[in-house]
Amino acid sequence: MANSEAVATPGVLLTADGTPLKVSLQKSLRRSKLRAMLLVLPPLLFLVFLFVLPIGNMLLRSIDDSLVNQVLPTTFKEFKAWDKTTDPPESLYAAFYTDITRTLEEDKLLVGKAGVRMNYDKPGWRSLIKISARKFKKVEGPPYKEAMIEIDKRWGEKEWWLSLGAMKDERTLGYFLNAVDKKYDFDKNIISVDENRKVYNLLWYRTLLVSFIVTIACLVLAYPVSYLLATLPMRFSNLLMICVLMPFWTSLLVRIVAWMIMLQQQGVVNDTLVGLGILDTENRLAMMYNFNGTVIVMTQILLPFMILPIYSVMKTIPPSFMRAAQNLGATPTLAFLRVYMPQTIPGVGAGCILVFIVAIGYYITPELVGGKDGRLIGNMVAYHMQRTLNWGLAAAMGTILLAAILILYWAYDKIVGVDNMKMG
Amino acid sequence: MPNEKPLVRFVDIQKSYDGDTLVVKNLNLDVAKGEFLTMLGPSGSGKTTCLMMLAGFEPATHGEIYLNDQGINKVAPHKRGIGMVFQNYALFPHMTVAENLAFPLWVRKMSKSEQDERVNKALAMVELSAFGNRRPAQLSGGQQQRVAVARSLVFDPDLVLMDEPLGALDKNLREQMQYEIKHIHENLGLTVVYVTHDQSEALTMSNRIAVFDDGIIQQCAPPEVLYEEPDNAFVANFIGENNRLLGDVVEDAGDSVKVKIDDDSGVVHANKINVEGVGSRTTLSLRPERVTVDPEPGSVPNIFAAHAKELIYLGDHIRTRFTVCGHDDFIVKIPNSAAHAQLEEGATVNIGWNVEDCRALDPSD
Chain A
4 MANSEAVATP GVLLTADGTP LKVSLQKSLR RSKLRAMLLV LPPLLFLVFL FVLPIGNMLL
64 RSIDDSLVNQ VLPTTFKEFK AWDKTTDPPE SLYAAFYTDI TRTLEEDKLL VGKAGVRMNY
124 DKPGWRSLIK ISARKFKKVE GPPYKEAMIE IDKRWGEKEW WLSLGAMKDE RTLGYFLNAV
184 DKKYDFDKNI ISVDENRKVY NLLWYRTLLV SFIVTIACLV LAYPVSYLLA TLPMRFSNLL
244 MICVLMPFWT SLLVRIVAWM IMLQQQGVVN DTLVGLGILD TENRLAMMYN FNGTVIVMTQ
304 ILLPFMILPI YSVMKTIPPS FMRAAQNLGA TPTLAFLRVY MPQTIPGVGA GCILVFIVAI
364 GYYITPELVG GKDGRLIGNM VAYHMQRTLN WGLAAAMGTI LLAAILILYW AYDKIVGVDN
424 MKMG
Chain B
-1 MPNEKPLVRF VDIQKSYDGD TLVVKNLNLD VAKGEFLTML GPSGSGKTTC LMMLAGFEPA
59 THGEIYLNDQ GINKVAPHKR GIGMVFQNYA LFPHMTVAEN LAFPLWVRKM SKSEQDERVN
119 KALAMVELSA FGNRRPAQLS GGQQQRVAVA RSLVFDPDLV LMDEPLGALD KNLREQMQYE
179 IKHIHENLGL TVVYVTHDQS EALTMSNRIA VFDDGIIQQC APPEVLYEEP DNAFVANFIG
239 ENNRLLGDVV EDAGDSVKVK IDDDSGVVHA NKINVEGVGS RTTLSLRPER VTVDPEPGSV
299 PNIFAAHAKE LIYLGDHIRT RFTVCGHDDF IVKIPNSAAH AQLEEGATVN IGWNVEDCRA
359 LDPSD
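So the protein sequences, as listed, match chains A and B.
Under this note's numbering, the first residue of the first sequence carries the number 4, and numbering increases by one thereafter.
Under this note's numbering, the first residue of the second sequence carries the number -1, and numbering increases by one thereafter.
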């Protein structure tokens, strides 16, 4: 019987009782799969709620522009019908009036929020909406055009109406444009912002520059330390390891304050240099509250992220490689360059990626020691989150940072191979 | 083999790592040109340290090493021109096999064409011509081993050092590689200094074996001499299987002695090798295959009653454990042939041996 079945479906292996082998295998593995799932569940939930959802929310916020639409649905309908060359028709005024009064009844706060949003595209909208909302109650009925112009004469100016064109869609790339010093004009063409309002391009450039300098500086400092860690006898290397990890165990703020004491104009370094007669007291170096401060302190703080991966790779390279290279006739320097260093590439790559990724989004150090020209894009994200409440712009900046990191990771994978990366 | 001028000379070498204990105590050893010399000993006996000093990776604490009559204590490792096969091969993982082989040629600034030619020749020698473009990690252990050997030879060194090169291979492969290395040595007329703790490896390959223990060369001699005529109890025990009987010398006849075995049950007539006169302690050493079971009375001077405790069938011979003179771990190898009587466990027979085969050595612990 089983035999004939096996013949009937060639290629399908059967167990002794005639069920296909694959089905039996599935059944026998079900319990262990279920158990594995249960074990994975908590971290999975943790990831979903604390990582995937917030990031997804951030991505959505960066392109979400539905607020104005929610407040002014009929206005936008009329706006579409308007030919833009003539003066705005009465129907547009009427639509605006009904939208605002309706929203005021439903949710007063929404009007204010919409005003803030509209202000991004044309400064002045916030006050205009505020004034209008207060005085619309007194408007007694159509025609609304004259009544509104009486409330505020800006309603008679065509450009305010035209500026609605920049906010009519529910999805927008406007925040991303803002994040790189561009914006939509009222016809949704991409234009640069005024020269004197450009800030972000410089910040992006500075963020990349600082991350790059910090990464290189960390690499230069970490490589010899890692080498010592990996090659010194145990008791010395343990001591050195504690020295490396000590900053890790110290509060970030304490470390930054310590650097402030070291580097400020009246600080230890400047005092020493002046005391030694190397500097005149009026020529004290400015090492804090500027670009230099950010670079110096970030390098020190991120150094362990470079040392640990390089060290862990160096630890696995047996000393016999260096010996073999020398035995084959290479000078110690040549042996180091041609045999030892290439083998440390996975650690160097991991360290550089790690430091660069952390540096590119760094916030607290530039905030405290960066001064005016040491601010990075991370500070801008925080600024827009906390001060201007322009979460869309903050989200767009965060998304660009995320994309930059992913691109970097992809490039690293292409060049070195992620499989080669050793974090420790 | 004996050449007038030794290629390598260790003169009064001492080595200490910590300043408290000597790892190598007063080593004097000559290695002749074309010789295959093995340093054999248990771990911690100082053999690898000697090799490292010769290669230049460890400085000698005292004494001088000569290579071609030149003192090389102050010569850096990369200037010594000595080939070396490392314990775990130390093939560079980021280079292909061919690049590994070309490395010593590249640092010697040879032309590209000459590099290629030599690399191909070396690969052909170890029968790996098709593997030049692979990475070491893509090769089996045996293949990696061959690449390591080829790399140590590709720049034509006079002297090649090998530091337990076969330790990581399984038994069959190890035996095969032993012969291959031996043949390479013979064909190229190399001088090889080989370190191992595997005595059968040493016996198979070497012209001479220096047996190390406790930082001292216990004996340095060709394999057959080491086996047949060990100088002391350590060598007798370390090389091959050995029966040990402890006792006191009761009669000294110049080149032979009579020894009373400790439990008072017999007096053995033995060859005097390394023992003081009457009254001194001694270890008698006797190879299991030199014992005759059920000898003709009077045919050999030493005949004792023995009690067969255990028989192990090993095909070509039967390994038998006897109780003799109070020692219950006395091993005898009985050839599996019709001429020999079949023993059974528990049987009591006479066993006997010649004076020359029983060597009276120093009293080991």
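Even for Gly, the Cβ is constructed at its ideal location relative to N, Cα and C.
Could you give the residue range of the beta strand (DSSP E) that holds residue i?
i: residue 350 of chain B; result: 346 to 351
i: residue 249 of chain B; result: 241 to 250
i: residue 25 of chain A; result: Element bounds for residue 25 of chain A: not the beta strand (DSSP E) but the alpha helix (DSSP H), 24 to 50.
i: residue 206 of chain B; result: 206 to 211
Would you tell me roughly how many angstroms separate the C-alpha atoms of residue i and residue j, rounded to the nearest one?
i: residue 165 of chain B; j: residue 37 of chain B; result: 14 Å
i: residue 10 of chain A; j: residue 19 of chain A; result: At residue 10 of chain A, the pLDDT of 48 sits below 50, so the modelled position is not reliable and the matter cannot be decided from this model.
i: residue 345 of chain A; j: residue 122 of chain B; result: 28 Å
i: residue 21 of chain B; j: residue 58 of chain B; result: 11 Å
i: residue 354 of chain B; j: residue 249 of chain B; result: 16 Å
i: residue 308 of chain B; j: residue 32 of chain A; result: 50 Å
i: residue 25 of chain B; j: residue 159 of chain B; result: 18 Å
i: residue 277 of chain A; j: residue 114 of chain A; result: 60 Å
i: residue 391 of chain A; j: residue 183 of chain A; result: 17 Å
i: residue 213 of chain B; j: residue 219 of chain B; result: 17 Å
i: residue 373 of chain A; j: residue 408 of chain A; result: 23 Å
i: residue 279 of chain A; j: residue 228 of chain A; result: 29 Å
i: residue 278 of chain B; j: residue 244 of chain B; result: 11 Å
i: residue 314 of chain B; j: residue 140 of chain B; result: 30 Å
i: residue 316 of chain B; j: residue 342 of chain B; result: 11 Å
i: residue 236 of chain B; j: residue 173 of chain B; result: 20 Å
i: residue 24 of chain A; j: residue 15 of chain A; result: 8 Å
i: residue 5 of chain A; j: residue 22 of chain A; result: Because residue 5 of chain A sits at a pLDDT of 44, beneath the cut-off of 50, its placement in the model cannot be relied upon, and the point is left open.
i: residue 192 of chain B; j: residue 137 of chain B; result: 24 Å
i: residue 207 of chain B; j: residue 147 of chain B; result: 21 Å
i: residue 318 of chain B; j: residue 331 of chain B; result: 6 Å
i: residue 179 of chain A; j: residue 396 of chain A; result: 7 Å
i: residue 218 of chain A; j: residue 348 of chain A; result: 15 Å
i: residue 351 of chain B; j: residue 274 of chain B; result: 23 Å
i: residue 65 of chain A; j: residue 141 of chain A; result: 38 Å
i: residue 246 of chain A; j: residue 203 of chain A; result: 38 Å
i: residue 1 of chain B; j: residue 157 of chain B; result: Any reading at residue 1 of chain B must be qualified, since the residue scores a pLDDT of 48, below 50, and its modelled position is unreliable; the value itself is stated next. Their backbone Cα atoms lie some 15 Å apart in a straight line.
Can you name the residues of chain B whose CB is closer than 9 Å to the CB of residue i?
i: residue 236 of chain A; result: None at all; the shortest Cβ gap to chain B is about 11 Å.
For a contact defined as C-beta to C-beta under 9 Å, what are the partners of residue i on chain A?
i: residue 82 of chain B; result: 326, 327, 330 and 331
i: residue 86 of chain B; result: 321 and 323
i: residue 153 of chain B; result: 331 and 332
Quick one: give me the first and last residue of the alpha helix (DSSP H) that residue i is part of.
i: residue 181 of chain B; result: 169 to 186
i: residue 260 of chain A; result: 255 to 266
i: residue 300 of chain B; result: Run containing residue 300 of chain B: none in the alpha helix (DSSP H); it sits in the beta strand (DSSP E), 300 to 311.
i: residue 137 of chain A; result: 128 to 138
i: residue 177 of chain A; result: 177 to 182
i: residue 92 of chain B; result: It is not in any alpha helix (DSSP H) - residue 92 of chain B carries neither H nor E in the DSSP assignment.
At 8 Å on the CB atoms, spell out the chain A contacts of residue i, in chain order.
i: residue 320 of chain B; result: The contacting residues do not exist; residue 320 of chain B stays about 47 Å from chain A at best.
i: residue 91 of chain B; result: 346
For residue i, go through chain A and note every residue whose CB falls closer than 7 Å to its CB, in chain order.
i: residue 371 of chain B; result: This structure leaves residue 371 of chain B out entirely; chain B is present only between -1 and 363.
Chain A contacts from the stretch 98 to 126 of chain B (Cβ-Cβ distance under 8 Å)
Against chain A - using a Cβ distance shorter than 8 Å - the residues of the stretch 98 to 126 of chain B are 101, 102, 105 and 106.
Taking Cβ-Cβ distances below 7 Å as the criterion, which residues of the stretch 330 to 350 of chain A are in contact with chain B?
Residues are counted here when their Cβ sits less than 7 Å from a Cβ of chain B; for the stretch 330 to 350 of chain A these are 330, 331, 332, 333, 334, 337, 342, 345 and 346, given in chain order.
For the stretch 305 to 324 of chain A, which residues have a CB atom closer than 8 Å to at least one CB atom of chain B, in sequence order?
Of all residues in the stretch 305 to 324 of chain A, the ones placed with a Cβ closer than 8 Å to any Cβ belonging to chain B are 321, 323 and 324, in chain order.
Pairs of beta-carbons, one from the stretch 149 to 168 of chain A and one from the stretch 24 to 43 of chain A, closer than 8 Å: are there three or more?
No, the stretch 149 to 168 of chain A does not touch the stretch 24 to 43 of chain A.
Against chain A: residues of the stretch 53 to 71 of chain B by CB proximity under 9 Å
With the criterion set as a beta carbon lying under 9 Å from some beta carbon of chain A, the members of the stretch 53 to 71 of chain B are 53, 54 and 55, in sequence order.
Should the stretch 64 to 75 of chain B be regarded as contacting the stretch 39 to 49 of chain B, the criterion being three or more beta carbon pairs within less than 8 Å?
No, the stretch 64 to 75 of chain B does not touch the stretch 39 to 49 of chain B.
Per the contact definition of three or more C-beta pairs closer than 8 Å, is the stretch 213 to 226 of chain B in contact with the stretch 186 to 205 of chain B?
With a cut-off of 8 Å, the stretch 213 to 226 of chain B and the stretch 186 to 205 of chain B count as touching, because enough Cβ pairs lie within range.
Between the stretch 86 to 94 of chain A and the stretch 55 to 71 of chain A, are three or more C-beta pairs nearer than 8 Å?
The answer is no - the stretch 55 to 71 of chain A does not touch the stretch 86 to 94 of chain A, with fewer than three Cβ pairs under 8 Å.
With contact counted as at least three CB pairs below 8 Å, one residue from each stretch, are the stretch 308 to 319 of chain A and the stretch 290 to 299 of chain A in contact?
As far as the Cβ criterion goes, the stretch 308 to 319 of chain A does not touch the stretch 290 to 299 of chain A, which means the pair count is below three.
Taking three-plus beta-carbon pairs below 8 Å as touching, is the stretch 173 to 193 of chain A in contact with the stretch 68 to 87 of chain A?
With a cut-off of 8 Å, the stretch 68 to 87 of chain A and the stretch 173 to 193 of chain A count as touching, because enough Cβ pairs lie within range.
Are at least three pairs of beta-carbons, each pair with one atom in the stretch 314 to 333 of chain A and one in the stretch 82 to 100 of chain B, less than 8 Å apart?
With a cut-off of 8 Å, the stretch 82 to 100 of chain B and the stretch 314 to 333 of chain A count as touching, because enough Cβ pairs lie within range.
Is the stretch 369 to 386 of chain A in contact with the stretch 2 to 18 of chain B, if contact means three or more CB pairs nearer than 8 Å?
Touching, no.
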